[in-house]
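Trainee: Let me begin by handing over the structure; questions about it come next.
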Amino acid sequence: MGGPMLELDDIQSGVLRPRPTPYVATYVLCRIDEGIAGRELMRRLSGIVSSAAQPKSSGRDTWVSVALTFQGLKALGVPQTSLNTFSPQFQEGMAARAKKLGDTGESSPENWETPLGSPDVHVVVTAVSTETEHLESAMERARKAYRELPGITALWRQDCHVRPGEREAFGFRDGIGHPAVEGSGIPSSNPNERPFKAGEFVLGYPDEMGGTPAIPQPEVLGRNGSYVVFRKLHQRVAAFRRYLKQNSTSPQAEELLAAKMMGRWRSGAPLALCPMHDNPELGADPNRNNDFLFKQDDPIGYHTPAGSHIRRMNPRDADIAGVARIHRMIRRGTSYGPELPEGVLEDDGVDRGLMFAFIGAHLGRQFEFVQAEWMNDSSFFGGTAGDDPIAGAHDGESTFDIPNRPLRRRLRGLAPFVVTRGGEYCFLPGLRALRWLGDLKT
Ligand code: HEM
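So for the sequence shown, our numbering puts the first residue at 3; every next one is plus one.
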């Protein structure tokens, strides 16, 4: 595979290992009121966080990750000269980047859930497991680390769980497409996609631009870290269902319309491989459900519209302005909230959606670029109007084009189906860096 050896024993497990499935997960946000307590917390947590080198076995499919916001690094007492070496987007924080990200109107930071986006959020502790029992014991270990520590306040908690068939709230199978990382030993979900240079996702290694980019300093702090983006995305399931119904003449047409918006049938089967009918067996088969490209078989998008969610988020080899390979991301999303019972078309007022998680080494050219240029604009593929039909920041006037012969179909009036409830830009340090933070002398 080439490239320098990845220091797996220093990289947090959640960076490289796909999240287990089925899964349960918990996110806890903490504030550091006293630097000395924050440093003690880092020391304690460094003994709990598992590395990407740990073998995979039952009971080991459980891990705890720790990430810090810029304000969190400050609260720990990280010197200003070091703080200045972090990416500018991270230093600003997600709330300050709202306009760029399309977080306006209902999604704007003044409407976010407290304390998301506030300077109080310092530490994000995440635990993921295949089983509730293992999750609980992992969380108990993490809680022990902060509960009896004066100077640390737990502020917020979000529980997540897999839905039947690993489907997100709109009903589509999620967690299918992942880039492979050189040296991680984890194969690509798409046999047509070469593994990526590790520096795309882990700091301190060569990346796809041909060099090794500067990392946060000192080296011990930056090396083997990654940036993480957490976003709590509320999904308006009833509105999405109503839109499908109002724009279709039959239940079959509704399913096809949903598939055109996503680029996959709800089973996960890609339109690229089965454009006319769903194929649930294909959707559930990880050896086949991501084995496709666009350019040769479907340059126009007659099967998978260029504006569909998966083709925007990963245009693969399709003709676009720019190079898709430098905008890839690792996703670790988990669903929250109860199901909206099948067939219900009225909103029940219950919060449900996705805790979206991005992992990568470049907030600017990966997450922010994809969110701004590919999610909320369409000029990169030559589109004239419209944003992502699933997760775009629609204003009620948005359109979505479905290429068709002899005439394309243009859908109008897309309402916002996804509302941002808040989020944070974080730094996920390597294990040595966590210990270094614990031992910081200020
Ligand atoms: C609530 C909002 C969202 C929903 C319901 C959603 C749902 C999905 C689903 C069902 C898939 C297909 C399955 C898979 O490949 O894993 C997918 C793929 C993907 N999504 Fe989203 N997503 C959402 C938001 C986002 C956001 C905010 C981003 C990034 C800014 C994003 C980036 C991606 C990427 C990169 C893929 C993989 C595309 C591929 O490789 O084919 N998604 N999403």
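Here a beta-carbon is modelled for each residue, glycine too, at the ideal position from N, C-alpha and C.
Here the structure is a predicted model, which means the values were calculated and not measured.
Less than 8 Å between CB atoms is the rule here; does ALA69 satisfy it with respect to chain B?
Mentor: You won't find chain B in this structure, because it holds only one protein chain.
Trainee: Where ALA182 and PHE198 are concerned, what is the direct C-alpha to C-alpha distance, given to the nearest angstrom?
Mentor: The residue labelled residue 182 in the question sits at position 180 within the sequence shown. The residue labelled residue 198 in the question sits at position 196 within the sequence shown. Cα to Cα, ALA182 sits roughly 6 Å from PHE198.
Trainee: What three-state label does DSSP hand GLU426 in the structure shown?
Mentor: Start at 1 with the first residue of the sequence shown, and residue 426 comes out as number 424. Three-state result, GLU426: strand.
Trainee: With distances taken Cα to Cα, identify the nearest neighbour of VAL51 among SER67, ALA216, GLU142 and ARG412.
Mentor: Taking the first residue of the sequence shown as 1, we reach residue 51 at position 49. Answer by Cα proximity: SER67.
Trainee: Would you kindly report the start and end of the unbroken beta strand (DSSP E) that includes VAL126?
Mentor: Within the sequence shown, residue 126 is the residue found at index 124, counting from 1. It spans 125-131 - the beta strand (DSSP E) in which VAL126 sits, taken as one unbroken run.
Trainee: Looking only at DSSP bridge pairs, what is LYS234 linked to?
Mentor: Residue 234 sits at position 232 when you count from the first residue of the sequence shown. According to DSSP, LYS234 bridges with MET357 and GLY424.
Trainee: When the Cα of ARG241 is compared with those of ARG165, GLU348, SER228 and ILE154, which residue comes out closest?
Mentor: As a first step, residue 241 must be located in the sequence shown, where it is residue number 239. In the sequence on display, residue 241 carries Ala and not Arg. Selected option, being the one with the closest Cα: GLU348.
Trainee: Could you give the uninterrupted runs of the alpha helix (DSSP H) lying entirely in the region 346-400, keeping only those of 4 residues or more?
Mentor: For the region 346-400, not a single whole alpha helix (DSSP H) run of length 4 or above is found.
Trainee: Looking at the secondary structure, which residues open and close the beta strand (DSSP E) in which VAL68 lies?
Mentor: The residue you call residue 68 lines up with position 66 of the sequence shown. That run of the beta strand (DSSP E) goes 65-70.
Trainee: Would you mind working out which of LEU137, TYR148, ASP105 and GLY95 sits nearest GLY119, comparing C-alpha positions?
Mentor: Here residue 119 refers to the residue found at position 117 of the sequence shown. For GLY119, the nearest C-alpha among the options comes from GLY95.
Trainee: If you follow the beta strand (DSSP E) that LEU38 is part of, which residue opens it and which one closes it?
Mentor: Translated into the one-based positions of the sequence shown, residue 38 becomes position 36. A small correction: the amino acid at residue 38 is Ile; Leu does not occupy that position in the sequence shown. ILE38 -> not in any beta strand (DSSP E); alpha helix (DSSP H) instead, spanning 37-48.
Trainee: Alpha carbon to alpha carbon, what distance is there between PRO418 and ASP397?
Mentor: As a working mapping, residue 397 is identified with position 395 in the sequence shown. As a working mapping, residue 418 is identified with position 416 in the sequence shown. Answer to the nearest angstrom: the Cα atoms are 7 Å apart.
Trainee: Once the 5 residues before and after SER60 are set aside, which same chain residues still bring their CB inside 6 Å of it?
Mentor: In the sequence shown, the residue the question calls residue 60 occupies position 58. Here the model assigns SER60 a pLDDT of 45, short of 50, so the residue's position is not dependable and the matter cannot be decided.
Trainee: Between ARG46, GLY201, LYS76 and PRO121, which has its C-alpha nearest GLN368's C-alpha?
Mentor: Against the sequence shown, residue 368 aligns to sequence position 366. Comparing Cα-Cα distances from GLN368 to each of ARG46, GLY201, LYS76 and PRO121, the minimum goes to GLY201.
Trainee: Where do the ends of the alpha helix (DSSP H) carrying THR87 lie?
Mentor: Here residue 87 refers to the residue found at position 85 of the sequence shown. Looking at the DSSP string, THR87 is not in any alpha helix (DSSP H), and its letter there is neither H nor E.
Trainee: Counting pairs of beta carbons, one from the region 251-262 and one from the region 346-360, are three or more of them closer than 8 Å?
Mentor: Taking 8 Å as the limit for Cβ pairs, the verdict is that the region 346-360 does not touch the region 251-262.
Trainee: Quick one: does the C-beta of GLU170 sit closer than 7 Å to a heavy atom of the ligand MN?
Mentor: Only the ligand HEM can be found as ligands here, which leaves the ligand MN out of the picture.
Trainee: Apply the 10 Å Cβ neighbour rule to ASP34 and answer buried if 16 or more other Cβ atoms are within range, or exposed otherwise.
Mentor: For the purposes of this step, residue 34 is taken as residue 32 along the sequence shown, with counting starting at 1. Per the sequence shown, the amino acid found at residue 34 is Ile instead of Asp. When all chains shown are included, ILE34 counts as buried.
Trainee: For a minimum of 4 consecutive residues, which ranges assigned as the alpha helix (DSSP H) are wholly contained in the region 113-189?
Mentor: DSSP runs (the alpha helix (DSSP H)) wholly in the region 113-189: 134-149.
Trainee: Measuring alpha carbon to alpha carbon, tell me which of SER190, PHE429, HIS136 and PRO408 ends up nearest ASP293.
Mentor: Reading the sequence shown from its first residue, position 291 is the one you call residue 293. When each option's Cα is compared against that of ASP293, the closest is SER190.
Trainee: Considering only DSSP beta bridges, list what ILE332 is partnered with.
Mentor: Counted from its first residue, the sequence shown places residue 332 at position 330. Per DSSP, ILE361.
Trainee: Does the separation of the CB atoms of SER109 and ALA320 fall below 8 Å?
Mentor: Looking up residue 109 in the sequence shown gives position 107. Looking up residue 320 in the sequence shown gives position 318. Contact flag unset, no.
Trainee: Under the criterion of a Cβ to heavy atom distance below 7 Å, does LEU235 qualify as lining the ligand HEM?
Mentor: Stepping through the sequence shown from its first residue, residue 235 is reached at position 233. Yes, Cβ of LEU235 sits closer than 7 Å to a heavy atom of the ligand HEM.
Trainee: Using DSSP with H/G/I as helix, E/B as strand and the rest coil, what is ALA27?
Mentor: Position 25 of the sequence shown holds residue 27. It is a strand residue.
Trainee: What does the Cβ neighbour count give for GLY424, buried or exposed, with the cut at 16 atoms within 10 Å?
Mentor: On the sequence shown, residue 424 is found 422 positions in, with the first residue counted as 1. The residue is buried, with at least 16 neighbouring Cβ atoms inside 10 Å.
Trainee: What are the uninterrupted segments assigned as alpha helix (DSSP H) that are 4 or more residues long and contained completely in the region 258-344, given in chain order?
Mentor: Entirely contained in the region 258-344, the alpha helix (DSSP H) runs reaching 4 residues are, in chain order, 282-285 and 311-315.
Trainee: Our contact map puts GLY206 next to GLY187 with C-beta atoms below 8 Å; I'd like the distance itself, whole angstroms only.
Mentor: Looking up residue 206 in the sequence shown gives position 204. Looking up residue 187 in the sequence shown gives position 185. So it is not a contact: roughly 18 Å between Cβ atoms.
Trainee: How would you call PRO391, buried or exposed, if buried means at least 16 neighbouring beta carbons within 10 angstroms?
Mentor: Looking up residue 391 in the sequence shown gives position 389. Classification of PRO391: buried, given that the 10 Å Cβ count is 16 or more.
Trainee: Only counting the same chain, and skipping five residues up and downstream in sequence, which positions put a Cβ closer than 6 Å to that of PHE358?
Mentor: For the purposes of this step, residue 358 is identified with residue 356 of the sequence shown, where counting begins at 1. ARG233, LEU235 and GLY335.
Trainee: Where does SER228 sit, in a helix, a strand or coil, going by DSSP?
Mentor: Within the sequence shown, numbered from 1, the residue matching residue 228 stands at position 226. SER228 falls in the strand class under three-state DSSP.
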